[in-house]
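Visitor: Residue numbers (the numbering used here), protein chains in the order written: chain F, 2 to 494; chain C, 966 to 1336. Glycine included, C-beta positions come from ideal geometry on N, C-alpha and C.
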Amino acid sequence: MLERHAGPSYDLAVRRFKAGDKAPAALVRLDGLTEAKVVEEILRTLMVDSRLLKEPERAGQIAAVALEELLTASEVREADNISALFAGLAAGKAALLFNGYPKALLCDAKGFMTRAITEPDAEKTLRGPREGFVESLRINTSLIRRRIRIPQLWMESLTVGELTKTEVVFAYIKGLAREKLVREVRDRLRRIKIDSVLESGYVEDFIADTPYTVFPLTLRTERPDKVAAYLLQGRVAIFVDGTLQTLIVPVELSVLMQAPDDYYEPPPIGSLIRLLRYVSLLISLLLPGFYVAVINFHQELLPTTLLLRITASREGVPFPVIAEVLLLDALFEILREAGVRLPAAIGPAISIVGALILGDAAIRAGMVSPAVVIVIALTAIAGFTAPAFSLGISFRILRFTYTIMGAVFGLFGVQFIILLTVMHLCSLRSFGYPYLNPLAPLIWQDMKDNLVRTWWWGMRERPKLLGQREPQRIPPGQAPYEGKDPGEGEEEG
Amino acid sequence: MAVEKIANRQLFFILFLARSTLKIAFLPVVTSADALQDAWISAILSFFGGALLVIAIGGLAVRFPNETMVQYSQKLLGKWPGKALSLLPLGAFLFMSSAELRIYAEALTTLFITETPLVFGIGTMGFAAALAVYAGIEPLGRAADLFFPIFLFTVFASLFIAVPQLQQHLDNLEPVLARGAGPVLRGTATPIAVISQFLVLAILVPELTEPKRALRTALNALAFTSFLLVLVTVATTAVLGPQVAARIAFPFLSLVRSLRIGEFLERIEVLAMFAWGLGHFIAQAVFLYCGAKGLSQVLGLKSYRILVGPMAVIWITLAVHGYSDFFQLKTIFQPGIAVPLAFGFVLVPNGILWLAYGIRALAGRLKPGAP
């Protein structure tokens, strides 16, 4: 009967045996998902140990006895229909079937290969843990459990995907995350009706507040320390089995600009690094547009010598400046995309050909001016400082609009599109929370960790909109030397 | 849909931006009358006159913290007279915003992009403002949060850079009150009239998180802008000289244009213009919002959003065709025209409402329990 459902699948392993001497039974598992040792242990229990039982049992009883007394597997569940049985098999369980017993016993025998925990490739830091999520949900959640060791870390699980039956878990700290937020996350996840979930991006599409935006409304990360930090602020993390990208909601623009290093380095350094990132982000967004606008319309803004230099370098270039900029920008995008797809072995070769030879030849051939190459190179590099890759992409998309507006309408065209962008950002919400918080709406107390960050002993309160169920994070009075005479300790030393 | 609210702080920023963008760019205290070197005294005095005007508008509004002017005027005067009366301030919004839009576009085309047709400046700004209004008052308040520091920084930075020049030319401010108080008082007329902008209070109060404190917020905004105005007036008249400042179209921008940072940065007025554009955008959007919101209540519509498009078109058309040139626009700000306009649009309706409120209050006292 099993084979009718599973077909001729070669990995369906059935082991028939006699439990307790006479009761015919079978153990079914999917080979490759189970650990051989665990399966052997189960078989030994039923075939050998059951003989030690004094009374000879009937089949129905041996199942009950097995469940209660014999099986040493840590998790045993009963399945009473065929689909539950298969769900169990696919999750790496071994199913025990007894002749004459209507249910199957699903024993945990999970043991399949996963990738080792390695440093996250997409989010590197100089300082801080090097652990990254892997494709296995259990390992990922355990990485969080290791960091937050209180029972109030709640993880709710649900299954999404008619065909893939993917396990989706959302985690929050009970009592810290707002109930309304948790309810909203639960509702939005439950509403999803889809046949397959292969990556967290599938889920993200369904739970975003609005699809009509280029800005990411969730934070994707593969760093457990990052997830733990945001859980502690009262946010919710969504894990999807089979992917390392964990989603964090709600997010703000400022959250997407935070890198773990900011918090691990001393505040002056962390703050400066972060400010630098904001500046680079603005450069990546505005520089080409400004360049085109200034060259086309507002030459008086440049100092005379600089202007002469640029004009001289543009001598003999056949294209208008906007064509130059768009051309090089598109070229860079092609190189970047190719760089992602390239096998690692030929990557360096291509980047030399692409970046050095192409760029150099283009200038020598007089097709583009060196100034534009500088502008685009700076822009491109600056765009990669965004810690959230998704944010970098959205700014790159916008940049083309800015460039075109700058070419057509000058600086006031750029201003016009800045106004539109800001209004768009102001009207965005992530799970109901304003996207530009704490800049707009302005929340002074959250400024301690926005453009710059203050010392840890100064971050006494959790973010206002999110974590105010338990506002106090750090008891006051912990600043070094606070309330003490600074000289006191030194005399002894 | 959730109730849209803005914080009182955001109201403060909105009022500040609305008032100071117009004032700083156009500086009517200098250009509208012949106060000349005493214009800064006019600026100080206009605060007191303005405060009275704000109390007249805001005092009534906070007495009906959950209703806009359209709603409470119907309550005070009866349905149809109330609706008719509230059309006056709504007209004022349209009028003020179209005039301001035109001023902005004029500044843009005369100072920066001289070859671009005027309609471009008006159209883009109008379009952006209309989209912002469509997004709602809440995003608008947040945008004000964001723009306020940028605006303030630019203005103060410009003033700060002007300090060395200011010190050389302080004698331009003398003699004080040489021609008596007459010109100084005439100089206050237009600035006070322009404070009619605070009419937005009458619509925005019910949107506030703390409507009862709206009057205080408004007065704070007025005081702060007046302070800034005094600073700007002093700087402009001193650096440019009182005669020149009174004659040219955009005194503050001309002041910024004359500044140099170090040896290599000059013509930084484009930054001032940029900051002005940010503030101007907020002001425009708020005027349009108030107009649309008020009109939707007059017409009994559920949402104001349907009105935004048509109103924006009318408003842009008015800004393009309502004024033949910049000099005609400037005459509006002569005391002889600005004051009666403000009187008609602001004081008359508010006066009638106050009167009705007073009578009702008295009647209510005579007949307790009356609705």
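(1) Taking Val1235 (chain C) as the query, report the chain F residues whose CB atoms sit under 7 Å from its CB, ordered along the chain.
(2) May I ask you to list the residues that DSSP assigns as paired with Ala27 (chain F)?
(3) List, in order along the chain, the chain F residues whose C-beta lies closer than 8 Å to that of Thr1338 (chain C)?
(4) Using a Cβ-Cβ distance cut-off of 7 Å, determine whether Leu254 (chain F) contacts chain C.
(5) Can you look up Ala346 (chain F) in the DSSP assignment and give me helix, strand or coil?
(6) What residues in its chain sit with their C-beta under 7 Å from that of Ala1093 (chain C), if we drop five residues either side in the sequence?
(7) How would you write the range of the beta strand (DSSP E) that Val1199 (chain C) sits in, first residue to last?
(8) Looking at C-alpha atoms only, which residue of F:Leu466, F:Pro472, F:Arg461 and F:Lys465 is the closest neighbour of Ala480 (chain F)?
(9) State the CB to CB distance for the pair Tyr1099 (chain C) and Val1273 (chain C), rounded to an integer number of angstroms; the pair is presumed to be in contact (CB under 8 Å).
(10) Under 8 Å Cβ-Cβ, which residues of chain C neighbour Met114 (chain F)?
(11) I need the straight-line Cα distance from Arg17 (chain F) to Asn100 (chain F), nearest angstrom please.
(12) Assuming Gly1106 (chain C) and Leu1066 (chain C) make a contact with CB atoms under 8 Å, what is their CB distance in whole Å?
(13) Return the residues of the region 367-383 of chain F that lie within a Cβ-Cβ distance of less than 8 Å from chain C, sorted by chain order.
(14) Would you check if the distance between the CB atom of Phe978 (chain C) and the CB atom of Thr1190 (chain C) is smaller than 7 Å?
(15) Got a sec, what are the start and stop residues for the beta strand (DSSP E) Leu962 (chain C) sits in?
(16) With 16 other CB atoms within 10 Å as the buried threshold, where does Leu443 (chain F) fall?
(17) How would you list, in chain order, the residues of chain F whose beta-carbon sits under 9 Å from the beta-carbon of Ile1078 (chain C)?
(18) Closest to Cys427 (chain F) by CA distance: which of F:Thr214, F:Thr402, F:Val39 and F:Leu177 is it?
(19) Which residues bound the beta strand (DSSP E) around Tyr1288 (chain C)?
(20) Among C:Phe1308, C:Leu1220 and C:Thr1202, which residue has its Cα nearest to the Cα of Ala1122 (chain C)?
(21) Grab the span of the beta strand (DSSP E) containing Thr247 (chain F) for me, first residue to last.
(22) How many Å lie between Leu1017 (chain C) and Ala1072 (chain C) at the Cα?
(23) With 7 Å set as the bound, which would you pick, yes or no: does the beta-carbon of Ala441 (chain F) sit closer than that to a beta-carbon of chain C?
(24) So for Ala366 (chain F), helix, strand or coil by DSSP?
(25) By DSSP, does Phe240 (chain F) sit in helix, in strand, or in coil?
(26) Return yes when the Cβ of Ser281 (chain F) is within less than 7 Å of the Cβ of Thr386 (chain F), no when it is not.
(27) Just checking: is the beta-carbon of Arg1212 (chain C) within a distance shorter than 7 Å of some beta-carbon in chain F?
(28) Just how far apart, CA to CA, sit Ile284 (chain F) and Leu1194 (chain C)?
(29) Within 8 Å, do at least three Cβ pairs link the region 172-179 of chain F to the region 465-474 of chain F?
(30) Quick one: is Ala1093 (chain C) near chain F, going by C-beta distance under 7 Å?
(31) Could you tell me the alpha carbon to alpha carbon distance between Val345 (chain F) and Val135 (chain F), rounded to whole angstroms?
(32) Does the Cβ of Ser1011 (chain C) have 16 or more other Cβ atoms within 10 Å, making it buried, or fewer, making it exposed?
(33) Report yes if the C-beta distance between Leu1166 (chain C) and Ala1284 (chain C) is below 7 Å; otherwise report no.
(34) Counting only Cβ pairs nearer than 7 Å, list the residues of chain F close to Gly1135 (chain C).
(35) Closest Cβ-Cβ distance between Leu421 (chain F) and chain C: below 7 Å?
(36) On the three-state DSSP scale, how would you describe Val169 (chain F)?
Guide: Quick answer:
(1) To locate residue 1235 (chain C), count along the second sequence from 1; it is residue 270. Contacts between Val1235 (chain C) and chain F, judged by CB atoms closer than 7 Å, involve His299, Leu302 and Leu412 in chain order.
(2) As a first step, residue 27 (chain F) must be located in the first sequence, where it is residue number 26. The partner list for Ala27 (chain F) (beta bridge, DSSP) reads F:Arg17 and F:Leu98.
(3) Missing from the structure shown is residue 1338 (chain C); chain C here goes from 966 to 1336 and no further.
(4) In the first sequence, counting from the first residue as 1, residue 254 (chain F) sits at position 253. Answer no: the Cβ-Cβ gap between Leu254 (chain F) and chain C never drops below 7 Å.
(5) As a position in the first sequence, residue 346 (chain F) is number 345, starting the count at 1. Here Ala346 (chain F) sits in coil by DSSP.
(6) Translated into the one-based positions of the second sequence, residue 1093 (chain C) becomes position 128. Result list for Ala1093 (chain C): Phe1246, in chain order.
(7) Numbered from its first residue, the second sequence carries residue 1199 (chain C) at position 234. Looking at the DSSP string, Val1199 (chain C) is not in any beta strand (DSSP E); the run it does join, the alpha helix (DSSP H), is Ala1179 to Leu1205.
(8) For the purposes of this step, residue 480 (chain F) is taken as the residue at position 479 of the first sequence. Considering only alpha carbons, the answer is F:Arg461.
(9) Looking up residue 1099 (chain C) in the second sequence gives position 134. Looking up residue 1273 (chain C) in the second sequence gives position 308. Indeed they touch by this definition, with Cβ atoms about 5 Å apart.
(10) Counting from one through the first sequence, the residue named residue 114 (chain F) turns up at place 113. Residues of chain C passing the Cβ test: none, with the nearest at roughly 49 Å.
(11) Indexing the first sequence from 1 puts residue 17 (chain F) at position 16. Indexing the first sequence from 1 puts residue 100 (chain F) at position 99. Cα to Cα, Arg17 (chain F) sits roughly 11 Å from Asn100 (chain F).
(12) Stepping through the second sequence from its first residue, residue 1106 (chain C) is reached at position 141. Stepping through the second sequence from its first residue, residue 1066 (chain C) is reached at position 101. Actually they are not in contact, since the Cβ atoms of Gly1106 (chain C) and Leu1066 (chain C) sit about 21 Å apart, beyond 8 Å.
(13) none
(14) Indexing the second sequence from 1 puts residue 978 (chain C) at position 13. Indexing the second sequence from 1 puts residue 1190 (chain C) at position 225. The answer is no: Cβ separation not under 7 Å.
(15) There is no way to answer for residue 962 (chain C), as the model of chain C reaches only from 966 to 1336.
(16) For this step, residue 443 (chain F) is matched to residue 442 along the first sequence. Per the 10 Å Cβ criterion, buried.
(17) Translated into the one-based positions of the second sequence, residue 1078 (chain C) becomes position 113. Close partners of Ile1078 (chain C) in chain F (Cβ separation under 9 Å): Phe298, His299, Phe410, Gly411, Leu412 and Phe413.
(18) Within the first sequence, residue 427 (chain F) is the residue found at index 426, counting from 1. Checking every option, the nearest Cα to that of Cys427 (chain F) belongs to F:Thr214.
(19) Sequence index remark: in the second sequence, residue 1288 (chain C) carries index 323 (1-based). That residue, Tyr1288 (chain C), is in no beta strand (DSSP E); it is neither H nor E in DSSP.
(20) In the second sequence, residue 1122 (chain C) corresponds to position 157, counting from 1. When only C-alpha atoms are compared, the closest one is C:Leu1220.
(21) Locating residue 247 (chain F) in the first sequence gives position 246, where the first residue counts as 1. It spans Thr247 to Val250 - the beta strand (DSSP E) in which Thr247 (chain F) sits, taken as one unbroken run.
(22) Against the second sequence, residue 1017 (chain C) aligns to sequence position 52. Against the second sequence, residue 1072 (chain C) aligns to sequence position 107. Whole-angstrom Cα-Cα distance: 31 Å.
(23) Position 440 of the first sequence holds residue 441 (chain F). Interface with chain C (7 Å Cβ-Cβ cutoff): Ala441 (chain F) is included.
(24) Locating residue 366 (chain F) in the first sequence gives position 365, counting from the first residue. If DSSP states are grouped into helix, strand and coil, Ala366 (chain F) belongs with coil.
(25) For the purposes of this step, residue 240 (chain F) is taken as the residue at position 239 of the first sequence. DSSP places Phe240 (chain F) in strand when its eight states are reduced to three.
(26) Here residue 386 (chain F) refers to the residue found at position 385 when the first sequence is read from its first residue. Here residue 281 (chain F) refers to the residue found at position 280 when the first sequence is read from its first residue. Cβ atoms of Thr386 (chain F) and Ser281 (chain F): closer than 7 Å.
(27) The sequence position of residue 1212 (chain C) within the second sequence is 247, counting from 1. No, its Cβ sits nowhere closer than 7 Å to a Cβ of chain F.
(28) The residue labelled residue 284 (chain F) in the question sits at position 283 within the first sequence. The residue labelled residue 1194 (chain C) in the question sits at position 229 within the second sequence. Approximately 33 Å, taken between the alpha carbons.
(29) yes
(30) Locating residue 1093 (chain C) in the second sequence gives position 128, counting from the first residue. Closer than 7 Å: yes.
(31) Residue mapping note: residue 345 (chain F) aligns to position 344 of the first sequence, counting from 1. Residue mapping note: residue 135 (chain F) aligns to position 134 of the first sequence, counting from 1. Note on residue identity: the sequence assigns Ala, not Val, to residue 345 (chain F). Cα-Cα distance, rounded: 21 Å.
(32) Position 46 of the second sequence, counted from the first residue, corresponds to residue 1011 (chain C). Answer is buried; the Cβ neighbour count reaches 16.
(33) Reading the second sequence from its first residue, position 201 is the one you call residue 1166 (chain C). Reading the second sequence from its first residue, position 319 is the one you call residue 1284 (chain C). Not a contact, by the Cβ cut-off of 7 Å.
(34) The sequence position of residue 1135 (chain C) within the second sequence is 170, counting from 1. Reading the sequence as shown, one finds Leu at residue 1135 (chain C) and not Gly. Within 7 Å Cβ-Cβ: nothing; Leu1135 (chain C) doesn't reach chain F, min ~30 Å.
(35) If you number the first sequence from 1, residue 421 (chain F) lands on position 420. By this cut-off, Leu421 (chain F) is an interface position.
(36) On the first sequence, position 168 is the one that residue 169 (chain F) refers to. In the structure shown, Val169 (chain F) sits in a strand (DSSP, three-state: E or B).
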